[in-house]
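So the structure is just underneath, and the comments pick up after that.
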Amino acid sequence: MAGSLSTGAAPAAPLLAVEGLSKVYPTGKKALGGIDVMIDRPQLVAVIGSSGAGKSTFIRCINRLVEPTAGRILLNGEDIVALDRKGLRAARRRVGMIFQEYNLVERLSVMQNVLSGRLGYVGLMATLRWRFPPEDIAAAFALLDRVGLDGYHDQRADALSGGQRQRVGIARALMQRPDLLLLDEPTASLDPKTSRQIMRLVRELVAERQTPAIINIHDVALARSYADRIIGLRDGLLVFDATAGELTDEALTRIYGEEDWAPPPSEEDEDEPAAQPGKARAGLS
Amino acid sequence: MTAHQPTPPSVTPAPRAYPDHWERYSPRERMLQWLWTGGIALAAAWSVSALDIEWAFFADAHEQAADLIGRMWPPRWSYLPVIVQPLIETLHIATLGTLIAIVLALPVAFLAARNTTWNHGTWLVGRAILVFSRSINTVIWGLLFVAIFGPGPVAGICAVAARSVGFIAKLVAEAIEEVDAGQIEAVEATGARTLQVQAVAILPQILPVLIGTSIYRWDINVRESSVLGFVGAGGIGLLLYASINQFAWSQALVILMAILVIVIISEALSAYVRSRIV
Numbered sequence: 170m171a172g173s174l175s176t177g178a179a180p181a182a183p184l185l186a187v188e189g190l191s192k193v194y195p196t197g198k199k200a201l202g203g204i205d206v207m208i209d210r211p212q213l214v215a216v217i218g219s220s221g222a223g224k225s226t227f228i229r230c231i232n233r234l235v236e237p238t239a240g241r242i243l244l245n246g247e248d249i250v251a252l253d254r255k256g257l258r259a260a261r262r263r264v265g266m267i268f269q270e271y272n273l274v275e276r277l278s279v280m281q282n283v284l285s286g287r288l289g290y291v292g293l294m295a296t297l298r299w300r301f302p303p304e305d306i307a308a309a310f311a312l313l314d315r316v317g318l319d320g321y322h323d324q325r326a327d328a329l330s331g332g333q334r335q336r337v338g339i340a341r342a343l344m345q346r347p348d349l350l351l352l353d354e355p356t357a358s359l360d361p362k363t364s365r366q367i368m369r370l371v372r373e374l375v376a377e378r379q380t381p382a383i384i385n386i387h388d389v390a391l392a393r394s395y396a397d398r399i400i401g402l403r404d405g406l407l408v409f410d411a412t413a414g415e416l417t418d419e420a421l422t423r424i425y426g427e428e429d430w431a432p433p434p435s436e437e438d439e440d441e442p443a444a445q446p447g448k449a450r451a452g453l454s
Numbered sequence: 000m001t002a003h004q005p006t007p008p009s010v011t012p013a014p015r016a017y018p019d020h021w022e023r024y025s026p027r028e029r030m031l032q033w034l035w036t037g038g039i040a041l042a043a044a045w046s047v048s049a050l051d052i053e054w055a056f057f058a059d060a061h062e063q064a065a066d067l068i069g070r071m072w073p074p075r076w077s078y079l080p081v082i083v084q085p086l087i088e089t090l091h092i093a094t095l096g097t098l099i100a101i102v103l104a105l106p107v108a109f110l111a112a113r114n115t116t117w118n119h120g121t122w123l124v125g126r127a128i129l130v131f132s133r134s135i136n137t138v139i140w141g142l143l144f145v146a147i148f149g150p151g152p153v154a155g156i157c158a159v160a161a162r163s164v165g166f167i168a169k170l171v172a173e174a175i176e177e178v179d180a181g182q183i184e185a186v187e188a189t190g191a192r193t194l195q196v197q198a199v200a201i202l203p204q205i206l207p208v209l210i211g212t213s214i215y216r217w218d219i220n221v222r223e224s225s226v227l228g229f230v231g232a233g234g235i236g237l238l239l240y241a242s243i244n245q246f247a248w249s250q251a252l253v254i255l256m257a258i259l260v261i262v263i264i265s266e267a268l269s270a271y272v273r274s275r276i277v
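Here the protein sequences come in this chain order: P and R.
Position 28 of the first sequence, counting from 1, maps to 197 under the working numbering, and the rest follow consecutively.
Position 113 of the second sequence, counting from 1, maps to 112 under the working numbering, and the rest follow consecutively.
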């Protein structure tokens, strides 16, 4: 199905090709059972599925925060799974990650958190003294301005609101000048309005920087509104991969299982479920 | 329940009998509690009988105490100028010993924390250093270092440092094991090296514990270095020991009061600094 999307001006090697990715945890839980995904253009790819379907494992396997059991992950043609520790560090510099709980270093300032996106490029002494190249500092100020946090650079991260922290998280990831962005439930801890603002920002940044992004998300409505493409996982298998517009009720059933996907029940339907417990009680006595 | 009785039209649900008896502990648990209580009482009784305490000494203890106070009072204030220099030396021993201990404790703490050590072997090495350092009293460390460096403050500094390494490293290692793993994961995901991850993601998280523990240990070390002189490891203890041996009790009282003042000041300072760490 991914093939049907690869029309237009696609580069020779796909930006990201995941081939036969599987993960079995030491506990014996099979989280991923052979996933194939290809991303050949800058687009926002939402990964949806029930809790435990393997979304988080999938996204964490791509930068090997979780070690894959089998399969290949080709980032610009280079297999990340085959890399040694040094190679992996170099590859991770090119993959920015954004987390549900923001994962900022709480006791450091906003600027320190944003600059830590460049840690892969500076030495230990520079790290300890927080001496970064002038172009990095300029880029950090520019990014803070872009995500709407101009002037916040000396605030401590734990003094910010959830939405502000996530913006710092986005700035940190973009400081890496990544070839790929991974977002693990970036809006799950945010209120609906902030969630939409963050999704809009991510969508704009994908277009501006021509960087593809993979985003794990529980909220199907948000995924539909902002993602270019939706991938559905169920029990560690890929069961849906198409544009957001093609996500029908039938597809949702395939991803999440049987459920009434129609809009919430209106007034007249309301007494029907209420009658259910009454029937059960009568049956007991 | 009775209020509901008129309302039901046709179907009356059979009233369920709820238990009116509930106990927090099972008979087995209660028996265990009695066993523990009896065991502790037995241990105390055994200690008293085994120690062969001379109860006759208790009879005139109050007289002896009054006699001692009589010999101590009034304090010999003219002795005060003599003890100023040794008191300052005591503070220096505590401060230098603590500083050396902090420098040594940081790597040991990372070695002894499960989430930062390399493997089980290095973890065991880290834990062994902790246990070794902590299981030997500062005064015993002092005896050892006096044998190595000879009498004087150097032995005292080494003794304080040797005992404090384990204390600081143990508490910092526990703090390292409790850091937020998400912050580490995020910094690792940027492609940072291990030492950078430790400096950027772990160090800021453990800094309050490191500072608080070090100040607290410094406060303990001020007290401990005041007795290090008993074994020749420098400081005010030497004069206290000499005064007691010469039965110069009015002189000993001056030293004890001076130590008390310094301990109160160091404790207040330590409490203030720890309350300011956020």
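Glycine included, each C-beta is placed from N, C-alpha and C at the ideal position.
Quick test of your reading: P/Leu213 and P/Asp397, contact by CB under 8 Å. State the CB separation rounded to the nearest angstrom.
Position 44 of the first sequence, counting from 1, holds the residue named residue 213 of chain P. Position 228 of the first sequence, counting from 1, holds the residue named residue 397 of chain P. Separation of the CB atoms of P/Leu213 and P/Asp397 is rounded to 5 Å, and the pair is thereby assigned contact status at 8 Å.
Since I believe P/Ala328 is in contact with P/Ala267 (beta carbons under 8 Å), could you give me their beta-carbon distance rounded to a whole number of angstroms?
For the purposes of this step, residue 267 of chain P is identified with residue 98 of the first sequence, where counting begins at 1. For the purposes of this step, residue 328 of chain P is identified with residue 159 of the first sequence, where counting begins at 1. Rather than Ala, the amino acid found at residue 267 of chain P in this sequence is Ile. No, P/Ile267 and P/Ala328 are not in contact; Cβ-Cβ is about 20 Å, not under 8 Å.
So P/Gly202 and P/Gly405 are in contact, right, with Cβ under 8 Å, and what is the actual spacing, rounded?
The residue given as residue 202 of chain P occupies position 33 in the first sequence. The residue given as residue 405 of chain P occupies position 236 in the first sequence. Yes, they are in contact, since the Cβ atoms of P/Gly202 and P/Gly405 sit about 4 Å apart, within 8 Å.
On the three-state DSSP scale, how would you describe P/Phe409?
The residue given as residue 409 of chain P occupies position 240 in the first sequence. Of the three classes helix, strand and coil, the one that applies to P/Phe409 here is strand, per DSSP.
Please state whether the Cβ-Cβ distance between P/Thr356 and P/Leu312 is less than 8 Å.
As a first step, residue 356 of chain P must be located in the first sequence, where it is residue number 187. As a first step, residue 312 of chain P must be located in the first sequence, where it is residue number 143. In this structure, P/Leu312 does not lie closer than 8 Å to P/Thr356 by Cβ.
Would you call the region 140-148 of chain R in contact with the region 170-181 of chain R, where contact means no fewer than 3 C-beta pairs closer than 8 Å?
no
Taking the DSSP output, what are the residues bridged to P/Ala382?
If you number the first sequence from 1, residue 382 of chain P lands on position 213. Partner residues in the beta bridge of P/Ala382, as assigned by DSSP, are P/Leu213 and P/Leu350.
Using a cut-off of 7 Å between C-beta atoms, extract the partners of R/Ala188 located in chain P.
Residue mapping note: residue 188 of chain R aligns to position 189 of the second sequence, counting from 1. Those within 7 Å of R/Ala188 in chain P are Asn232, Leu234, Arg261 and Met266.
Let me see if you follow: with CB-CB separation under 8 Å, is P/Val187 close to chain R or not?
Position 18 of the first sequence, counted from the first residue, corresponds to residue 187 of chain P. By this cut-off, P/Val187 is not an interface position.
List the endpoints of the continuous beta strand (DSSP E) containing P/Val187.
If you number the first sequence from 1, residue 187 of chain P lands on position 18. Note, P/Val187: beta strand (DSSP E), Leu185 to Val193.
Assigned secondary structure, P/Leu244 (DSSP; H/G/I helix, E/B strand, else coil):
Counting from 1 along the first sequence, the entry for residue 244 of chain P is found at position 75. DSSP places P/Leu244 in strand when its eight states are reduced to three.
For R/Gly231 and R/Ile243, I'd like the C-alpha separation in whole angstroms.
Stepping through the second sequence from its first residue, residue 231 of chain R is reached at position 232. Stepping through the second sequence from its first residue, residue 243 of chain R is reached at position 244. Distance between the alpha carbons of R/Gly231 and R/Ile243: 15 Å.
Residues of the region 335-352 of chain P with a CB closer than 9 Å to any CB of chain R: list them in chain order, please.
Gly338, Arg341, Ala342, Met344, Gln345 and Leu351
Could you tell me whether the Cβ atoms of P/Leu359 and P/Gly331 are closer together than 8 Å?
Locating residue 359 of chain P in the first sequence gives position 190, where the first residue counts as 1. Locating residue 331 of chain P in the first sequence gives position 162, where the first residue counts as 1. Yes, Cβ-Cβ distance for P/Leu359 and P/Gly331 is below 8 Å.
Output the distance between the C-alpha atoms of R/Ala258 and R/Arg222, rounded to the nearest integer angstrom.
Looking up residue 258 of chain R in the second sequence gives position 259. Looking up residue 222 of chain R in the second sequence gives position 223. Note that residue 258 of chain R is Ile in the sequence shown here, rather than Ala. Their backbone Cα atoms lie some 8 Å apart in a straight line.
If you drop the 5 nearest sequence neighbours on each side, which residues of the same chain put their C-beta closer than 6 Å to that of R/Glu187?
Indexing the second sequence from 1 puts residue 187 of chain R at position 188. Closer than 6 Å at the Cβ level, and outside the excluded window around R/Glu187, lie Val196.
If we ignore side chains and look at the alpha-carbon of each, how far apart do P/Asp418 and P/Val193 end up?
Locating residue 418 of chain P in the first sequence gives position 249, where the first residue counts as 1. Locating residue 193 of chain P in the first sequence gives position 24, where the first residue counts as 1. Computed Cα separation, rounded: 30 Å.
Relative to chain P, which residues along the region 97-117 of chain R have a C-beta separation below 9 Å, given in chain order?
So the list is empty, because no residue satisfies the distance condition.
What is the rounded straight-line gap between the Cα of R/Leu41 and the Cα of R/Ala58?
Counting from 1 along the second sequence, the entry for residue 41 of chain R is found at position 42. Counting from 1 along the second sequence, the entry for residue 58 of chain R is found at position 59. Approximately 26 Å between the Cα atoms of the pair.
What span of residues does the alpha helix (DSSP H) with P/Arg334 cover, start to end?
Residue 334 of chain P sits at position 165 when you count from the first residue of the first sequence. It spans Gly331 to Met344 - the alpha helix (DSSP H) in which P/Arg334 sits, taken as one unbroken run.
For a contact meaning CB atoms closer than 7 Å, what does R/Gly181 contact in chain P?
Residue numbering aside, residue 181 of chain R sits at position 182 when the second sequence is read from its first letter. Within 7 Å Cβ-Cβ: Phe268, Glu270 and Asn272.
Buried versus exposed, by CB contacts within 10 Å (16 or more), R/Asn220
Taking the second sequence and counting its residues from 1, one reaches residue 220 of chain R at position 221. Buried, since its Cβ has 16 or more Cβ neighbours within 10 Å.
Give me the subset of the region 277-304 of chain P whose CB atoms are less than 7 Å from a CB atom of chain R, sorted by chain position.
Leu277, Ser285, Gly286, Leu288, Gly289, Leu293, Thr296 and Leu297
As an exercise, report each continuous beta strand (DSSP E) stretch of at least 3 residues that is fully enclosed by the region 97-176 of chain R, in chain order.
Restricted to the region 97-176 of chain R, not a single beta strand (DSSP E) segment is unbroken, complete and at least 3 residues in length.
Can you give me the C-alpha to C-alpha distance between P/Leu252 and R/Ala191, rounded to a whole angstrom?
Mapped onto the first sequence, residue 252 of chain P falls at position 83. Mapped onto the second sequence, residue 191 of chain R falls at position 192. Roughly 16 Å separates the two Cα atoms.
Beta-carbon gap between P/Arg287 and P/Met344 smaller than 8 Å:
Taking the first residue of the first sequence as position 1, residue 287 of chain P is located at position 118. Taking the first residue of the first sequence as position 1, residue 344 of chain P is located at position 175. Between P/Arg287 and P/Met344, the gap from beta carbon to beta carbon is short of 8 Å.
Take P/Tyr271 and list the residues in its own chain whose beta-carbon comes closer than 6 Å to its own, dropping the five residues that flank it on each side.
Position 102 of the first sequence holds residue 271 of chain P. Result list for P/Tyr271: Arg334, Gln335 and Gly338, in chain order.
Out of curiosity, what's the CA-to-CA distance linking R/Ile235 and R/Ser265?
On the second sequence, residue 235 of chain R is found 236 positions in, with the first residue counted as 1. On the second sequence, residue 265 of chain R is found 266 positions in, with the first residue counted as 1. In a straight line, the C-alpha of R/Ile235 is about 16 Å away from that of R/Ser265.
Should P/Thr296 and R/Val102 be called a contact, given that it needs their Cβ atoms to be closer than 8 Å?
Counting from 1 along the first sequence, the entry for residue 296 of chain P is found at position 127. Counting from 1 along the second sequence, the entry for residue 102 of chain R is found at position 103. No, the pair does not count as a contact, with Cβ atoms beyond the cut-off.
Can you tell me the Cα-Cα spacing of R/Trp54 and R/Glu62, whole angstroms?
The residue you call residue 54 of chain R lines up with position 55 of the second sequence. The residue you call residue 62 of chain R lines up with position 63 of the second sequence. Each residue's Cα considered, the two are about 15 Å apart.
Using DSSP's beta-bridge definition, name the partner residues of P/Arg398.
Taking the first residue of the first sequence as position 1, residue 398 of chain P is located at position 229. In DSSP, P/Arg398 forms a bridge with P/Val214 and P/Thr412.
Could you tell me whether the Cβ atoms of R/Arg216 and R/Ala111 are closer together than 8 Å?
In the second sequence, counting from the first residue as 1, residue 216 of chain R sits at position 217. In the second sequence, counting from the first residue as 1, residue 111 of chain R sits at position 112. Cβ atoms of R/Arg216 and R/Ala111: not closer than 8 Å.
Going straight from the alpha carbon of P/Ser191 to that of P/Gly221, what length do you get?
Working through the first sequence from its first residue, we reach residue 191 of chain P at position 22. Working through the first sequence from its first residue, we reach residue 221 of chain P at position 52. P/Ser191 and P/Gly221: Cα-Cα distance of roughly 14 Å.
Which value, in whole angstroms, describes the spacing of the CA atoms of R/Glu173 and R/Val81?
Counting from one through the second sequence, the residue named residue 173 of chain R turns up at place 174. Counting from one through the second sequence, the residue named residue 81 of chain R turns up at place 82. Cα-Cα distance, rounded: 44 Å.
Given a threshold of 16 other Cβ atoms within 10 Å of its Cβ, counted over all protein chains shown, does R/Asn118 qualify as buried or as exposed?
Taking the second sequence and counting its residues from 1, one reaches residue 118 of chain R at position 119. It is exposed - the Cβ of R/Asn118 has fewer than 16 other Cβ atoms within 10 Å.
Whether P/Ile383 touches P/Ile217 by CB criterion (8 Å)
Working through the first sequence from its first residue, we reach residue 383 of chain P at position 214. Working through the first sequence from its first residue, we reach residue 217 of chain P at position 48. No, they are not a contact pair.
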